[in-house]
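Student:
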Amino acid sequence: MFIPSPGMGHLVSGVEMAKKLVGRDDRLSITVLIMKRPFDKSKVSSSTQSLLLTAVEDRLKFVYLPLDEAAAAELQSKFPGKFMLEFIKMNKQHVRDHVRTMVSTGSTRIAGFVVDMFCTPMMDVAVEFGVPSYAFFTSNATVLGLSFHLESLSPDEYHDLTELKDSDAELELPGFVNRVPVKVLPASFWDKEFGSWFMGIAKRLREAKGIMVNTFEELESNAVRFLAENDKVPPVYSVGPVIHLVNNKNEDDEEATEIVKWLDNQPLSSVVFLCFGSMGSFGGDQLKEIAQALERSGHRFLWSVRRPPSKLDYKKDIYMSDSSNVMLVTAEEIENGIRKLMESENECGKERKQRVKEMCEKSKISVVEGGSSYNSIGLLIEDFMKTS
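Convert by adding 289 to the 1-based position in the sequence shown; the result is the number in my numbering.
1. By DSSP, does Lys-498 sit in helix, in strand, or in coil?
2. Beta-carbon within less than 6 Å of Asp-602's beta-carbon, same chain only, minus the 5 sequence neighbours each way: which residues are those?
3. At the level of alpha carbons, what is the spacing between Pro-293 and Val-531?
4. Quick check on the DSSP output: the beta strand (DSSP E) that includes Ala-424 runs from which residue to which?
5. Measuring only the C-alpha atoms, how far is Met-674 from Ile-666?
6. Alpha carbon to alpha carbon, how far is Phe-571 from Leu-516? Give it in angstroms, no decimals.
7. Which residue's Cα is closest to the Cα of Leu-317: Asp-449, Asn-380 and Thr-397?
8. Report, in whole angstroms, the separation of the C-beta atoms of Phe-505 and Ser-527, which I expect to be a contact under 8 Å.
9. Could you say which of Lys-454, Arg-326 and Ser-422 lies nearest to Phe-478 if we only look at CA atoms?
10. Using a Cβ-Cβ cutoff of less than 6 Å, which residues in the same chain neighbour Val-311 once the five nearest sequence positions on both sides are dropped?
11. Enumerate in chain order the residues of its own chain whose CB-to-CB distance from Ala-491 is below 6 Å, with the five nearest sequence positions on each side excluded.
12. Which of the three DSSP states is assigned to Glu-509 in this structure?
13. Measuring CA to CA, which of Thr-451, Asp-413 and Arg-468 is closest to Glu-459?
14. Please state if the CB of Met-412 and the CB of Ser-428 are separated by a distance shorter than 8 Å.
15. Which whole-angstrom value describes the C-beta separation of Asp-405 and Gly-303, a residue pair presumed to lie in contact below a C-beta threshold of 8 Å?
16. Helix, strand or coil: which one does DSSP assign to Gly-667?
17. Give the DSSP-derived three-state secondary structure of Asp-445 in the structure shown.
18. Am I right that Leu-322 and Met-290 are in contact with their C-beta atoms under 8 Å? What's the rounded C-beta distance?
19. Span of the beta strand (DSSP E) holding Lys-325?
20. Pick helix, strand or coil for Met-306, following the three-state DSSP scheme.
21. Compare the Cα-Cα distances from Ser-559 to each of His-533, Gly-587 and Lys-577 and report the closest residue.
22. Select from Ile-579, Thr-676 and Asp-357 the residue whose C-alpha is nearest the C-alpha of Val-594.
23. With a threshold of 7 Å on Cβ separation, who are the neighbours of Glu-307 within its own chain once the five nearest residues in sequence on each side are excluded?
24. With a Cβ-Cβ cutoff of 8 Å, do Val-352 and His-387 count as a contact?
25. Using 8 Å for Cβ pairs, my map puts Asn-503 next to Phe-426. What's the rounded Cβ distance?
26. Assign Arg-468 to one of three DSSP states: helix, strand, or coil.
27. Just the C-alpha distance for Ser-652 and Gln-643, rounded to the nearest angstrom, thanks.
28. Excluding five sequence neighbours on each side, which residues of the same chain lie with their C-beta closer than 6 Å to the C-beta of Leu-300?
29. DSSP on Leu-563, reduced to helix/strand/coil?
30. In or out: Leu-508 buried (at least 16 other Cβ within 10 Å) or exposed?
31. What first and last residue would you give for the alpha helix (DSSP H) that runs through Lys-629?
32. Could you give the distance in angstroms between the alpha-carbon of Asp-553 and the alpha-carbon of Thr-546?
33. Please return the same chain residues whose Cβ sits closer than 7 Å to the Cβ of Ala-582, not counting the five positions on each side in sequence.
34. Quick one, which of Val-420, Cys-408, Lys-381 and Thr-394 has its alpha-carbon nearest Ala-400's?
35. Between the Cα of Val-656 and the Cα atoms of Met-648, Gly-529 and Val-384, which residue gives the shortest distance?
36. Would you list the one or two residues that DSSP bridges to Val-352?
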């Protein structure tokens, strides 16, 4: 039983992971329970239908859970993390009802739940049915390790760290080779509401029987090693990269077709691509800085822009702090970053591009037979079978 978060990045990754598992072992059958978002419902539906076109396995089924529009509307003004938590809890009864119906037929035996990192409240339902829960962490192993480390701190220790957020201090953190400047850590971790919500997620993840992470060992060897050696966290399986590679062209989407045609006509490695997630957006001031930087850089670009949210808009990116509390990144800084990456004579850019090419090749090797992620998925399936 797979329960992905309704955010597009989480939904697509969750579906692809389910496809990967059923394609690997014909003993597995997976039902993906999809929660309808109280906004952009048509977008989620069309994207899922696109995924369904490639889900040819009979052992992979999709079920849309009903949406209580009135109840969802009451959550709109809540802090985004609180909204997500309450929205997931609101769907627990729908999951409970569906599982109960499946079990009552006598033809289906539930071996376990796989819940998205944002859907940890669903682990309670798994407990009710006496089956284990596994988690799918769609971010990377470094973030997972950092989350576990911060969650393990005492309130006083965590408070001491938040006091350093604007300083030049550097920290020794598990999973990192070098000392880490506090300023480069996700600012949202120091936000009281977000930090509390995310630490709650980390705490619940400790209850999972295992955690799948969308990464591969060669990319994050130190973080993967830290998690493997930490006896206070569940077994962690590096199963990535989990990506949607099949090209299902929607002939009705003329805009998307034009974009692809334009990209195909550009020189290799010449386009700057900017995208901040399915719910990510910036205020007008920051958008102007980005636009100016792109124009000044002189490089070709493709930029996915979303309408800025209103102050009480529950669709606001859960990773972004309120714009009034975020320092503006200037056009000059952004332009310099683009030039460092894109201009051929820049040594920093050369090194990073070479690093990307190396990791690209290693990622391909990781998912084929004998590769690190291939082997990790094999161990995961073995664990599934032990509990079924």
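Ideal placement from N, C-alpha and C gives every residue a C-beta, glycine not left out.
This one's a predicted model, so the numbers in the text were calculated from it and none came from an experiment.
Tutor: In this structure, then:
1. coil
2. Legend: pLDDT at Asp-602 = 46, less than 50; position of this residue unreliable, value from coordinates given subsequently. Result list for Asp-602: empty, nothing under 6 Å.
3. Spanning the two alpha carbons is a distance of roughly 14 Å.
4. The continuous beta strand (DSSP E) containing Ala-424 extends over residues 422 to 426.
5. 12 Å
6. 34 Å
7. Thr-397
8. 5 Å
9. Lys-454
10. Leu-317, Ile-319, Glu-346, Arg-348 and Leu-349
11. Ser-436, Phe-437 and Glu-440
12. coil
13. Arg-468
14. no
15. About 6 Å; that satisfies the 8 Å criterion.
16. helix
17. helix
18. Going by Cβ atoms, the distance from Leu-322 to Met-290 rounds to 7 Å, so yes, they are a contact pair.
19. Where Lys-325 is concerned, there is no enclosing beta strand (DSSP E), given that its DSSP letter is neither H nor E.
20. helix
21. Out of His-533, Gly-587 and Lys-577, Gly-587 has the C-alpha closest to the C-alpha of Ser-559.
22. Ile-579
23. The sequence given here has Ala at residue 307, not Glu. Counting only Cβ-Cβ distances below 7 Å, and skipping sequence neighbours, we find Phe-291, Ile-319, Val-321 and Leu-349.
24. yes
25. 7 Å
26. coil
27. 14 Å
28. Pro-293
29. Strand at Leu-563.
30. That one is buried.
31. Segment 620 to 631, the alpha helix (DSSP H) holding Lys-629.
32. 11 Å
33. Only Ala-620, Ile-623, Glu-624 and Ile-627 meet the Cβ criterion.
34. Val-420
35. Gly-529
36. Leu-322
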